[in-house]
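Have a look at the structure below, then the notes.
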Amino acid sequence: MNAEHFEAFSSPNYPPLAISGVHLNIDRQLLWKGGFDRVSMAKKDSLELSPLKMIYRPEMDSKVVVLKLFPGITKEVVKAICEIESLRGIILETYGSGNAPTSSWFIDALKQALTKDVRIVNVTQCRGGAVDMGKYETSVALKKLGMVSGYDITTEAALAKMMYLLAYMPETGDFKKYFETSLRGEISV
1 MNAEHFEAFS
11 SPNYPPLAIS
21 GVHLNIDRQL
31 LWKGGFDRVS
41 MAKKDSLELS
51 PLKMIYRPEM
61 DSKVVVLKLF
71 PGITKEVVKA
81 ICEIESLRGI
91 ILETYGSGNA
101 PTSSWFIDAL
111 KQALTKDVRI
121 VNVTQCRGGA
131 VDMGKYETSV
141 ALKKLGMVSG
151 YDITTEAALA
161 KMMYLLAYMP
171 ETGDFKKYFE
181 TSLRGEISV
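In terms of full-length UniProt numbering, the sequence shown has 149 at position 149, counting the first letter as 1, and numbering is strictly consecutive.
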């Protein structure tokens, strides 16, 4: 991937849909077909199954953050992010298959955010692979908290999906259910 070339984007968990060169070669068998089996946010306050069609939806809830874990991340940083007053969602970029620090201060900060109805989605920092909470001891606590799994969604797709769901989903809606469901082919596992 390179910001200055045509290869600026890639889908690490799915083969290329097309290859651009002298000719444009599209692998139509890989294109997502859609259908009636996906959730549509037809109205601002309702979720329903409907045929897929292009609908312009300009509303996005931008009260979200991406928290990328790194060795040495401090209690103060995590706590400050989790305590943002108007925060509605966190995309938590974890290690490997969804692993994170197990320190009590870290788990407590996430738990506190969840009690304030902040949605937290676990995505991997890795270019390929998927989150599998509970596979290793360092992700068991996240699973017990009821954190949402991003499976193999990219951080960018997770951010857009969270902003979309928070804008169109009723407050009482099942965020976890809809986030963990592939709505437009963004999750492949």
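Using N, Cα and C, we set each Cβ at its ideal position, and we do this for glycine too.
Keep in mind the model is a prediction, meaning the values are calculated, not measured.
Run of the beta strand (DSSP E) containing residue i, from where it starts to where it stops
i: SER104; result: Unbroken run through SER104 is the alpha helix (DSSP H), 104-115; no beta strand (DSSP E).
i: GLU93; result: 89-94
i: ILE26; result: 24-26
i: VAL66; result: 64-68
i: ILE120; result: 119-124
Proximal residues to residue i (C-beta, below 6 Å), its chain only, five neighbours per side dropped
i: TYR14; result: SER188
i: MET147; result: ILE120 and ASN122
i: ILE107; result: ALA141
i: ALA113; result: CYS82
i: LEU92; result: LEU67, ILE120 and ASN122
i: LYS75; result: TRP105
Delimiting residues of the alpha helix (DSSP H) encompassing residue i
i: LEU142; result: 137-144
i: GLU156; result: 155-168
i: VAL78; result: 75-82
i: LYS176; result: 175-179
Separation of residue j from residue i, as counted between CA atoms
i: LYS135; j: SER97; result: 8 Å
i: LEU110; j: LEU183; result: 26 Å
i: GLY185; j: ASP152; result: 11 Å
i: ARG38; j: LYS144; result: Confidence in ARG38 is poor, its pLDDT being 43 and thus under 50, which makes the residue's placement unreliable; the coordinate value appears in the next sentence. Spanning the two alpha carbons is a distance of roughly 28 Å.
i: PRO58; j: THR94; result: 30 Å
i: MET163; j: ALA157; result: 10 Å
i: LEU165; j: LYS177; result: 11 Å
i: ALA130; j: HIS23; result: 33 Å
i: LEU159; j: ASP27; result: 27 Å
i: ASP174; j: THR181; result: 11 Å
i: MET60; j: ALA167; result: 5 Å
i: LYS161; j: MET169; result: 11 Å
Cβ shell of residue i (< 7 Å), same chain only, five flanking positions each side left out
i: ASP117; result: none
i: THR115; result: none
i: GLY128; result: PRO12 and ASN13
i: LYS79; result: ALA109
i: LEU17; result: ILE26, ASP27, LEU30 and LEU31
C-beta atoms of residue i and residue j nearer than 8 Å
i: LYS63; j: LEU87; result: yes
Opposing strand residues paired with residue i [DSSP bridges]
i: ASN13; result: The partner list for ASN13 (beta bridge, DSSP) is empty, contrary to what the question assumes.
Same chain only: Cβ atoms within 8 Å of residue i, ignoring 5 sequence neighbours per side
i: VAL65; result: ILE81, ILE84, LEU87, GLY89, ILE90 and ILE91
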